[in-house]
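Participant:
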Amino acid sequence: MASPTKSPTKPRADLRRGLSRSENETTPVTPPTRFISSNLSTPGSAYGKEDDAVIIELSPRYLKAGIEGESHPQIRYDFTPEKAQKLGDYRQYLPGYTRQESKNGAWGEGHELWRNDLKNFDLGLLSDKVERAVREIYNKHLLLDTGHARLVLVVPGLLPHPVLATILQTILERWSFPTVTLFPTPVTALVAAGVRSGLVIEIGWEETTVTAVYEYREVFARRSTRASKLLTRKFVEWAEKRLPHGCMLDLETVEEFLARIARHVCDDKEKQAADNTGTSDTIDVQWPTSSFTQQVTFLRSELKAEIQQSLLGNDIEEEGHADDEELPVQQVIYNVLLNLPPDIRGICISRMMFIGDGADQLGLQSLITKSFSRHLEAKGWSTIQGKKVRRRREGLSELAQGRVQPVDVRHSDTIWTEKAETEERYLREKHKHIQPATYGVVRQIDTLGSWAGASLLGTLKVKSFVEIQRERFLSHGLVGASRDLDVSVLQQRMSTIGLRPKAGERTSWTLAGWG
């Protein structure tokens, strides 16, 4: 009799292994990678992933850095004498150590990355400062690998070529950034404000720049030396005569005092509140010394006059005697708007915005805007100025007003019909919810800043006029830049007829407004 066949069974080792695996796995296991078919994205593929660009805003006093898509930078790196000292230099920790700022042409020299006057300026020191700042930003704050992601630099519209070339050469030689994109400060400030055209007033460290931008293109720009550097120097000269001996007058103390007191001095609302409450015109301040603080009293009117003298100059009659580089801020704004066509002028004057460290001081913006309004009312939009011209204009206006006659209603030829009334009612109802754009009126708008505008442009993957390739810049430098401001049109025409640049062939690129 045949023995019954036995069913195939698993070995005991396999059974034990399966039981132990089922007991240990209490949570479901998800595959490490998933493949999702999509026409717009490939999450399962590592080739379609692109790192977010790093945005760095350059200024003579600081660097602001962060990742695109953020509303504000993650780090602000200020250039101070302590950060530029050598290793092992601990003089600032010694008792009784005070750093005296020079009041000659080198005022604030230890706090600058570069200056406009490049005579006797060490570009090698500039390169070392930029390298140390970028390394600290990436290694301590952003925590990213340097050189893999795209780099976007937000630089001022008026920048010396040696400074720009040194910064680009330092960044592209030390690290392997594939491309470096340049965005001008005025355009990114407009993007952050949500407008396409406007007048950008940048109160910087060494100069104040006024730039008219129309449809994201810089149309006209002028600058003046009346900025934060001149303001702090004038204040030190004014305070030395009133402060007792031993009070500290270094740059950090002066800037902190001006930032705190500018609102109470320059704002008219604060002055009205003080007058209503019966507060005196004096301001008591605990001024720091080398060992303790000392109470100092200032007059509000004298402080306001000193700030106004540094930025806005004297009266209108004396402005014609100033140099072109020392014009008051309201005069620079007026000259820029006067050189614009009437249609662009009407758009820019109603979209005035302030950027820069000097503009962050509350009260200065309203003070400059009101001074410009008075300047405009006194001069008007005429290139011919003078006392005789003003008197003749006033006489002609009085003569024209005397000849105006009332309109006789009997000679009206307008025929009012029911159809015209219906059309007017329809148009009025149609445009009821449409607000007309502000045009030709002095108005100030707010902006989130140049860095926020560059972050928005980087998120939208907007290409700039200046896209610097690493290999081309290291081969030719700034000399390889073309003068053509619209290179993209030429590239499109070449691609349509089949003339594409060969591999390794040098293609033209431009510096746009920096050229």
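For the record, in the sequence shown the residue sitting at position 515 is 515 according to UniProt numbering, with numbers rising by one throughout. Glycine included, every Cβ here is placed at the ideal spot set by N, Cα and C.
#1: Skipping 5 residues on each side, what residues in its chain have a beta carbon closer than 6 Å to that of Thr232?
#2: What's the call for Trp381, buried or exposed, on a 16-neighbour Cβ count within 10 Å?
#3: Look up Leu511 in the DSSP assignment and say whether it is helix, strand or coil.
#4: Is it a yes or a no for the segment 203 to 213 touching the segment 464 to 474, going by three-plus beta-carbon pairs under 8 Å?
#5: Where does Ile55 fall in DSSP's three states?
#6: Under DSSP, the alpha helix (DSSP H) around Gln331 begins and ends at which residues?
#7: Please go through the same chain and pick out, in chain order, the residues whose beta-carbon is closer than 6 Å to the beta-carbon of Gln444, but skip the five residues on each side of it.
#8: Grab the span of the alpha helix (DSSP H) containing Lys234 for me, first residue to last.
#9: Looking at the structure shown, is Trp205 part of a helix, part of a strand, or coil, going by DSSP?
#10: First and last residue of the alpha helix (DSSP H) that includes Ala262?
#11: Measure from the alpha carbon of Arg223 to the alpha carbon of each residue in Lys119, Lys432 and Pro328, then state which is nearest.
#12: CA-CA distance, Ile344 and Tyr214?
#13: Exposed or buried, Ala452, counting other C-beta atoms within 10 Å across all chains shown (16 or more means buried)?
#14: For the segment 446 to 474, which segments carrying the beta strand (DSSP E) assignment without a break, of at least 3 residues, lie completely within its bounds, in sequence order?
#15: Can we say the segment 143 to 159 touches the segment 170 to 186, given the rule of at least three CB pairs closer than 8 Å?
#16: If Thr459 and Gly69 are in contact, beta carbons under 8 Å, what's the gap, nearest whole angstrom?
#17: By how many angstroms is the C-alpha of Met248 removed from the C-alpha of Trp107?
#18: Could you tell me whether the segment 284 to 298 touches the segment 322 to 342, using the rule of 3 or more Cβ pairs below 8 Å?
#19: Any chance you could list the alpha helix (DSSP H) runs of at least 4 consecutive residues sitting entirely within the segment 69 to 132, in chain order?
#20: Do three or more CB pairs link the segment 159 to 175 to the segment 125 to 132 at distances below 8 Å?
#21: Among residues of its own chain, excluding the 5 on either side of Val219, which ones have a beta-carbon nearer than 6 Å to its beta-carbon?
#22: Nearest-angstrom Cα distance between Ala227 and Glu206?
#23: Drop a sphere of 10 angstroms on the beta-carbon of Ala221, count the other beta-carbons inside from all chains shown, and report buried for 16 or more, exposed for fewer.
#24: Can you tell me which of the three DSSP states Ser291 falls into?
#25: Is Glu377 helix, strand or coil when you go by DSSP?
#26: Can you name the start and end residues of the alpha helix (DSSP H) that residue 555 belongs to?
#27: Checking the sheet assignment: what are the DSSP bridge partners for Pro184?
#28: Exposed or buried, what is Arg392 when buried is set at 16 or more other beta-carbons lying within 10 Å of its beta-carbon?
#29: Are the Cβ atoms of Leu164 and Val155 separated by less than 9 Å?
#30: Does the beta-carbon of Leu125 have 16 or more other beta-carbons within 10 angstroms, so that it is buried, or is it exposed?
#31: Could you tell me whether the Cβ of Pro186 comes closer than 9 Å to any Cβ of chain C?
#32: Would Ala189 be called buried (16 or more neighbouring beta carbons within 10 Å of its own) or exposed?
#33: If Pro60 sits next to Leu123, beta carbons under 8 Å apart, how far is it from one beta carbon to the other, in whole angstroms?
#34: Cα separation between Asn104 and Leu396?
Facilitator: Checking against the coordinates, here is how it stands:
#1: Counting only Cβ-Cβ distances below 6 Å, and skipping sequence neighbours, we find Val254.
#2: Answer is exposed; the Cβ neighbour count stays below 16.
#3: Note: Leu511 maps to coil in three-state DSSP.
#4: These segments do not touch.
#5: Note: Ile55 maps to strand in three-state DSSP.
#6: Val329 to Leu338 is the span of the alpha helix (DSSP H), which, as asked, contains Gln331.
#7: Closer than 6 Å at Cβ, skipping near neighbours: Met352 and Thr369.
#8: Looking at the DSSP string, the run of the alpha helix (DSSP H) that includes Lys234 is Ser228 to Glu240.
#9: Correct three-state label for Trp205: coil.
#10: Leu251 to Cys266 is the span of the alpha helix (DSSP H), which, as asked, contains Ala262.
#11: The residue from Lys119, Lys432 and Pro328 with its alpha-carbon nearest to that of Arg223 is Pro328.
#12: For Ile344 and Tyr214, the distance between alpha carbons rounds to 7 Å.
#13: Buried.
#14: Counting only runs that start and end inside the segment 446 to 474, the beta strand (DSSP E) elements of at least 3 residues fall at 466 to 469.
#15: Yes, they touch.
#16: Rounded, the Cβ-Cβ distance is 5 Å, consistent with contact.
#17: Answer to the nearest angstrom: the Cα atoms are 15 Å apart.
#18: With a cut-off of 8 Å on Cβ pairs, the segment 284 to 298 is not in contact with the segment 322 to 342, counting fewer than three such pairs.
#19: Segments of the alpha helix (DSSP H) lying fully in the segment 69 to 132: there are none.
#20: Note that the segment 159 to 175 touches the segment 125 to 132; at least 3 beta-carbon pairs, one per stretch, sit closer than 8 Å.
#21: Within the same chain, Val219 has close Cβ partners Ala212.
#22: Distance from the CA atom of Ala227 to the CA atom of Glu206, rounded to whole angstroms, is 6 Å.
#23: Buried is the call here.
#24: Three-state DSSP puts Ser291 in coil, outside helix and strand.
#25: In the structure shown, Glu377 sits in a helix (DSSP, three-state: H, G or I).
#26: This structure cannot settle anything about residue 555, because the visible part of the chain is limited to 1 through 515.
#27: According to DSSP, which records beta bridges pairwise, Pro184 is partnered with Val155.
#28: Counting Cβ neighbours within 10 Å, Arg392 comes out exposed, since fewer than 16 surround it.
#29: Inclusion of Leu164 and Val155 in the CB contact set at 9 Å is warranted, their separation being smaller than that value.
#30: With fewer than 16 other Cβ atoms inside 10 Å of its own Cβ, Leu125 counts as exposed.
#31: Of the protein chains in the structure, only one exists, and it is not chain C.
#32: With at least 16 other beta carbons inside 10 angstroms of its own, Ala189 counts as buried.
#33: So it is not a contact: roughly 14 Å between Cβ atoms.
#34: With a pLDDT of only 49 at Asn104, under the threshold of 50, the placement of this residue in the model should not be trusted; the figure read from the coordinates follows. Going by the C-alpha atoms only, they are around 51 Å apart.
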